[in-house]
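Rendered as structure tokens:
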């Protein structure tokens with residue numbers, strides 16, 4: 002396993018592998034890897050002969066005042082976790098997106114990619130700059146690594162849909178794979194940010210998972226009014242001390258709100274426990 006930091010070296014490696022007939026899979030991450038990330042690597046190994054894992058904490062997706070400075074990092078630990086998995090390259094660029102003014106020294110970037118409609122609901126309501134940062138940097142990763150397949154997790158459901166649409170609309174020659182959300186043994190959705198929860202906050206945060214499971218049970222038992230599902234979730238999370246950013250049931254493709262079971266939908270929740278914002282979701286069955 003090699004660690005590559007230079008964009009040119011990364012592109013050269015990928016092109017040499019492709020000339021030898023190898024398929025390449027990319028797993029984009031921001032590091033501080035957990036079992037959810039490692040499951041994406043396992044999926045990538047099944048789909049390609051060569052696997053690249055990128056580790057880059059993307060400043061473009063953090064607005065001023067968000068948790069960029071305290072986002073957990075452990076590069077050495079990430080390397081140790083990836084070694085036994087058969088990863089070929091860790092791509093760890095340092096200058097993938099420079100936020101400085103382009104006029105200041107000529108080094109800054111000012112080009113953004115927007116996925117106009119899919120980025121607006123859910124996380125886009127409270128983080129209006131988030132998805133332009135994600136889409137722009139992932140597009141750069143795709144241009145540099147030139148993979149045949151890119152693998153994302155569905156915990157960040159909206160992100161997966163936004164990036165899938167970007168790849169389709171801009172004709173990237175890459176297959177997009179979305180993998181099932183991975184949970185801790187007690188049901189909490191795995192996230193690099195979980196480490197910042199206190200023991201009490203972590204216990205209380207299970208209200209998100211339990212409210213989603215309750216919603217799933219209600220749909221299976223015949224409930225079709227989604228307002229009932231949302232109200233029980235907001236109540237449960239608030240009672241546990243959480244602050245709900247959003248609790249929305251949306252169409253899986255368009256991410257537009259739906260009121261009743263009519264098409265495949267997903268119940269997505271973002272909620273704060275202490276200073277940590279957590280995401281979770283469940284794809285709802287048709288009743």
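In the working numbering, the protein residues as written are 2 to 288. Backbone N, C-alpha and C fix where the C-beta goes; we use that ideal spot for every residue, glycine too.
Length of the line joining the Cα atoms of residue i and residue j
{"i": "residue 287", "j": "residue 95", "result": "45 Å"}
{"i": "residue 74", "j": "residue 237", "result": "32 Å"}
{"i": "residue 91", "j": "residue 139", "result": "15 Å"}
{"i": "residue 38", "j": "residue 154", "result": "8 Å"}
{"i": "residue 172", "j": "residue 165", "result": "11 Å"}
{"i": "residue 145", "j": "residue 61", "result": "17 Å"}
{"i": "residue 273", "j": "residue 224", "result": "27 Å"}
{"i": "residue 82", "j": "residue 248", "result": "34 Å"}
{"i": "residue 64", "j": "residue 13", "result": "33 Å"}
{"i": "residue 176", "j": "residue 29", "result": "14 Å"}
{"i": "residue 48", "j": "residue 27", "result": "10 Å"}
{"i": "residue 233", "j": "residue 56", "result": "38 Å"}
{"i": "residue 189", "j": "residue 150", "result": "28 Å"}
Residues near residue i by beta carbon distance below 7 Å, same chain, minus five either side
{"i": "residue 124", "result": "131, 159 and 271"}
{"i": "residue 35", "result": "191 and 193"}
{"i": "residue 198", "result": "206, 274, 275 and 277"}
Cβ-heavy atom distance, residue i to the ligand FMN, below 7 Å
{"i": "residue 267", "result": "This structure simply doesn't include the ligand FMN, nor any ligand for that matter."}
Proximal residues to residue i (C-beta, below 6 Å), its chain only, five neighbours per side dropped
{"i": "residue 72", "result": "58"}
{"i": "residue 115", "result": "133"}
{"i": "residue 202", "result": "274 and 275"}
{"i": "residue 244", "result": "273"}
{"i": "residue 86", "result": "42"}
{"i": "residue 120", "result": "132 and 163"}
DSSP bridge partner residues for residue i (one or two, in chain order)
{"i": "residue 244", "result": "273"}
{"i": "residue 25", "result": "51"}
{"i": "residue 173", "result": "According to DSSP, residue 173 bridges with nothing at all."}
{"i": "residue 154", "result": "180"}
{"i": "residue 91", "result": "4 and 54"}
{"i": "residue 46", "result": "According to DSSP, which records beta bridges pairwise, residue 46 is partnered with nothing at all."}
{"i": "residue 258", "result": "251"}
Simplified DSSP state of residue i, which is helix, strand or coil
{"i": "residue 278", "result": "strand"}
{"i": "residue 180", "result": "strand"}
{"i": "residue 285", "result": "strand"}
{"i": "residue 266", "result": "strand"}
{"i": "residue 79", "result": "helix"}
{"i": "residue 30", "result": "strand"}
{"i": "residue 190", "result": "strand"}
{"i": "residue 238", "result": "helix"}
{"i": "residue 222", "result": "coil"}
{"i": "residue 251", "result": "strand"}
{"i": "residue 210", "result": "helix"}
{"i": "residue 64", "result": "coil"}
{"i": "residue 14", "result": "helix"}
Which listed residue (the options) has its alpha carbon closest to that of residue i
{"i": "residue 80", "options": "45, 5 and 254", "result": "5"}
{"i": "residue 217", "options": "67, 128, 265 and 56", "result": "265"}
{"i": "residue 255", "options": "67, 23, 33 and 118", "result": "118"}
{"i": "residue 18", "options": "52, 8, 31 and 33", "result": "52"}
{"i": "residue 141", "options": "276, 9 and 2", "result": "9"}
{"i": "residue 113", "options": "121, 120 and 136", "result": "136"}
Proximal residues to residue i (C-beta, below 8 Å), its chain only, five neighbours per side dropped
{"i": "residue 180", "result": "40, 41, 44, 152, 153, 154 and 155"}
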